[in-house]
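All remarks here apply to the structure that follows.
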Ligand code: NZQ
Ligand code: ZN
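In our numbering, the protein residues as written are 12 to 409.
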C-alpha cells in the first residue's frame, strides 16, 4: 500500500426527512445563494418548491441558474460565474444530479479565476480558491457529492474533460434516498453502471497489498449487483435506493482509490463517446467495460489473477482456472448490464451507428486520458480502436 492523504470534510446528511436541516447547514456560508439546478426534474418532483420555501422562510436570498444539462456544458459554468459576481453571492446550493454538482464546482472556482473558466478544465493546477458548495443530490451515480472532481463538456471543441481541486469538495451533501424514487429506469441503470465502473477503474490496478481497498470495492460491487435490479423493478424500494446511494458515494470518495497508483481506462474512452455523441455516461461505460475486460484478458495474461479474484469474490464463481474464471466473470458482467439493468449493449443501439469517428476518438482518449502509461493494461490508439470497434456488435458468449 502506498502513502496517501484522505481529507473529506463533507458533512453528509443521509436519510429521509432531513431537508429541514438545510438552513442550519447553509447558514455558515452566507445568506446570498446561487440556486443551481437542471432541466426541471426538481420542479416536477416538488423538491424545488420545498427548497425555495426553506430559503425564503429562513432569510436567504437567492438567484437561480437553471437548465444545467447532463454532460454539463461550459456555457452554464460561464453563466454561473457571471451571476455570482454580478449579485455578489456567498455560496452555491446545487440541487440535482451529478451534472448540476459538477457545473457548480467549476463555477465555484471560476469566481476566483480571472481568465476564461475553460482554462480551469484544461489545467487543474489553475483551480484554487472556491465559493462554498452545499448540494442536495437527486441521483445515485457519480460520487461527486463527496469528492473533488468535476467533468465539463465543451461542444465547440468536442471535449469532455475532468478537473479537480481540494476546494471543490462540497461542504455538505444531503443524500435522501426518497429523492431518487423518480429517477427513470434508464438513469438508474446508468447510475449503477457508473458506480460499478468507478470501482473497476480502481480495483483493476497493479498496486500490491491493498486488501482493505479491494475488500471495500468487492463489497460495494456486490451491494450494487444486489440492489440495482430491485431499484429498477421497484423504484420506491427504500432499502434498494439507500444502498445504491451510499454505494455511489463510497465508490468514489477516496476509500477505494487512495493507497494505490495507476490511472483509469474506460472513463477516458467513454468521455470521448459523450463528447462526440452526448450519450449518457453510465450507458457508455456499461457498453465499453466488458470489451475492455476481454481486451485485457486477451492481451496480457498477468491480468488473469485479478479478474479471477473478481470472479470469486464478487460473483461467487469457483470452477476453473484463473483464465476460465476471469472470462466467466466478464460474461456475468455483460449479462448483468444487459439482462438485469436492461442496458442496450451495443453502440448502434444508443445512436452511434457509423464508425467514422472511431480513429479520432481513440486518439483523443489516449491523449486526454494518458492511456498509454501506468494503466492496468496500457493502451495504444490501435488498442482503443479495437475496444470501441468491438462495442458495435453484441459480445459473443463463451
Ligand atoms: O436535468 P434534470 O431535469 O434535473 O434531469 C436529470 C437529467 O436529465 C435527471 N434526474 C436527476 N435526478 C432526478 C432526475 N430525474 C428524475 N428524478 C430525479 N430525482 O437525470 C438526468 C441525468 O442527470 P445527470 O446529473 O447528468 O446524471 P449523473 O448524476 O449521472 O451525472 C453525470 C455526469 O457526471 C459526470 C459524468 O461524466 C456526467 O457528465 N461524472 C462526474 C464524476 C465526478 N464528479 O466525480 C465522476 C463520474 O465518472 C462522471 O464522469
Ligand atoms: Zn463515471
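Just so it is clear, CB atoms sit at the ideal spot from N, CA and C, and this is done for glycine as well.
| Check | Outcome |
| --- | --- |
| First through last residue of the alpha helix (DSSP H) which encompasses residue 91 | 85 to 98 |
| Environment of residue 215 [buried if 16+ CB atoms lie within 10 Å] | buried |
| For residue 390, three-class secondary structure by DSSP | coil |
| For residue 220, the first and last residue of its enclosing beta strand (DSSP E) | Unbroken run through residue 220: none, as it is neither H nor E. |
| Host beta strand (DSSP E) of residue 48 (start-end) | 43 to 48 |
| Extent of the continuous beta strand (DSSP E) to which residue 338 belongs | First-last for residue 338: 333 to 346, but that is the alpha helix (DSSP H), not the beta strand (DSSP E). |
| Close beta carbons around residue 390, own chain, < 7 Å, minus the five adjacent residues each side | 276, 377, 382 and 383 |
| Beta-carbon gap between residue 285 and residue 164 smaller than 9 Å | yes |
| For residue 25: DSSP bridge partner residues | 186 |
| With 16 other Cβ atoms within 10 Å as the buried cut-off, status of residue 364 | exposed |
| Assumed close pair residue 74, residue 121 - CB separation to whole angstroms, cut-off 8 Å | 15 Å between Cβ atoms; not a contact. |
| Residues sharing a beta bridge with residue 145, DSSP | 104 and 183 |
| Boundaries (first-last residue) of the beta strand (DSSP E) holding residue 74 | 72 to 76 |
| Whole-angstrom distance between residue 402 and residue 338, CA atom to CA atom | 17 Å |
| Short CB-CB distance (under 9 Å) between residue 228 and chain C | Checking the listed chains, one finds no chain C in this structure; it contains a single protein chain. |
| Residue 150 - DSSP class collapsed to helix/strand/coil | coil |
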